[in-house]
Amino acid sequence: MRHLTLIRPALQPIVPRTFVRTLITTPPRLLATPSGHTGPQHITPGPPKSPNPLQTGTQDAISAQKYPDYSTGPSAIDKASQLLFLTEIVRGMWVVFEQFFRPPYTIMYPFEKGPLSARFRGEHALRRYPNGEERCIACKLCEAICPAQAITIESEAREDGSRRTTRYGCMLTLQKDIDMTKCIYCGFCQEACPVDAIVETQNQEFSTETREELLYNKEKLLLNGDRAEAEIAANLQSEHALEDSMWEEDVHARYHGYKMYQDTLYNDPARNDVLSTCMR
Numbered sequence: 008m009r010h011l012t013l014i015r016p017a018l019q020p021i022v023p024r025t026f027v028r029t030l031i032t033t034p035p036r037l038l039a040t041p042s043g044h045t046g047p048q049h050i051t052p053g054p055p056k057s058p059n060p061l062q063t064g065t066q067d068a069i070s071a072q073k074y075p076d077y078s079t080g081p082s083a084i085d086k087a088s089q090l091l092f093l094t095e096i097v098r099g100m101w102v103v104f105e106q107f108f109r110p111p112y113t114i115m116y117p118f119e120k121g122p123l124s125a126r127f128r129g130e131h132a133l134r135r136y137p138n139g140e141e142r143c144i145a146c147k148l149c150e151a152i153c154p155a156q157a158i159t160i161e162s163e164a165r166e167d168g169s170r171r172t173t174r175y176g177c178m179l180t181l182q183k184d185i186d187m188t189k190c191i192y193c194g195f196c197q198e199a200c201p202v203d204a205i206v207e208t209q210n211q212e213f214s215t216e217t218r219e220e221l222l223y224n225k226e227k228l229l230l231n232g233d234r235a236e237a238e239i240a241a242n243l244q245s246e247h248a249l250e251d252s253m254w255e256e257d258v259h260a261r262y263h264g265y266k267m268y269q270d271t272l273y274n275d276p277a278r279n280d281v282l283s284t285c286m287r
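Quick note on numbering: the sequence shown equals residues 8 to 287 in the working numbering.
Printed below as a string of structure tokens:
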């Protein structure tokens with residue numbers, strides 16, 4: 008019976024690699040470095056610049072490295088002084104104390120309230136005449152123009168033949184999907200009213216605890232109008248005065264523009280030459 012003898016080969020020494028590719032020794036691509044030229048670059052193909060295949064079509068890795076320049080910037084003494092005297096903290100606290108002694112830009116709401124525009128559209132109200140008569144004539148223009156269909160009006164004829172409302176409901180209901188009132192506060196009802204009966208006051212604090220309280224009826228709207236009548240009248244008067252002044256300015260601008268057009272037209276020498284030629 009033959010016995011097999013295993014011969015262990017001799018250990019061969021590990022030969023060190025002549026070239027190890029690392030991040031530093033890897034040369035960058037020729038087009039990887041940014042240049043002042045923008046847009047596509049056209050490179051004409053040609054023979055390799057170097058016989059070394061590792062540098063063919065690339066830059067020299069050593070010359071392409073850009074080390075930070077430590078010769079510029081704050082010196083070591085400046086850095087040490089900033090660290091020792093905590094100048095950055097002092098600079099930040101100076102900004103804090105500077106803002107501390109300035110007048111505040113905020114107000115203590117609800118004890119203080121900011122100014123509102125005369126055209127602010129808030130809670131709805133129905134107005135009366137100075138003698139106590141209701142202004143609403145039940146023309147239903149506000150009901151027709153309401154984009155949210157939030158207004159419902161019912162009317163009947165009175166003994167003197169005039170028509171007045173018996174039910175005026177400005178239904179401000181809460182929708183379940185977006186949790187907001189049905190009225191979008193566009194102001195179309197106020198603009199469409201021919202007698203300034205339905206208005207939107209500057210009251211913006213009318214939140215309620217139940218949904219039923221947001222279903223305004225005629226009595227609720229008249230109560231809102233009686234409570235804010237002076238404010239409503241002043242706002243409407245200022246708005247009408249502003250509209251009148253804007254209308255006058257527009258008329259004057261149109262008139263002066265027309266006069267300038269006439270002066271330019273009649274003082275045009277080419278036009279005068281044409282007219283004189285035609286008159287001959």
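Ideal placement from N, C-alpha and C gives every residue a C-beta, glycine not left out.
The structure displayed is predicted, hence computed values, not measured ones.
Considering only Gly-80, Met-100, Asn-224 and Val-206, the residue with the shortest C-alpha distance to Arg-134 is Val-206.
Between Glu-238 and Thr-208, the C-beta spacing is below 8 Å. Residues of the same chain with a CB within less than 8 Å of the CB of Ala-235, apart from the 5 flanking positions on each side, are Ala-132, Thr-208, Gln-209 and Asn-210 in chain order.
Looking at the DSSP output, Arg-135 sits in a beta bridge with Glu-141. Ala-164: member of the beta strand (DSSP E) spanning 158-164, first to last residue. For Glu-207, the secondary structure class from DSSP, reduced to helix, strand or coil, is strand. With fewer than 16 other Cβ atoms inside 10 Å of its own Cβ, Glu-212 counts as exposed.
Annotation: Glu-220 to Pro-154 spans about 22 Å, alpha carbon to alpha carbon. Cβ contact annotation for Glu-95 (same chain, cutoff 7 Å, sequence separation greater than five): Gln-89, in chain order.
If you draw a straight line from the Cα of Glu-226 to the Cα of Asp-233, it comes to about 10 Å. The continuous alpha helix (DSSP H) containing Asp-85 extends over residues 83-92. Proximity to Asn-242 across Pro-122, Gly-139, Cys-143 and Tyr-192 peaks at Pro-122, based on C-alpha coordinates. Under the DSSP assignment, Leu-123 falls outside any alpha helix (DSSP H); it carries neither an H nor an E label. CA-CA distance, Glu-216 to Leu-93, rounds to 55 Å. For the pair Ser-245 and Ala-164, the CB atoms are not nearer than the 8 Å cut-off.
Its Cα nearest to that of Ala-145, the residue Pro-201 stands out among Gln-156, Ala-240, Met-115 and Pro-201. Around Pro-117, the same chain offers Glu-212 as residues with beta carbons nearer than 8 Å, after the five sequence neighbours per side are excluded. Looking at the backbone, the Cα of Phe-107 and that of Trp-101 are separated by about 10 Å.
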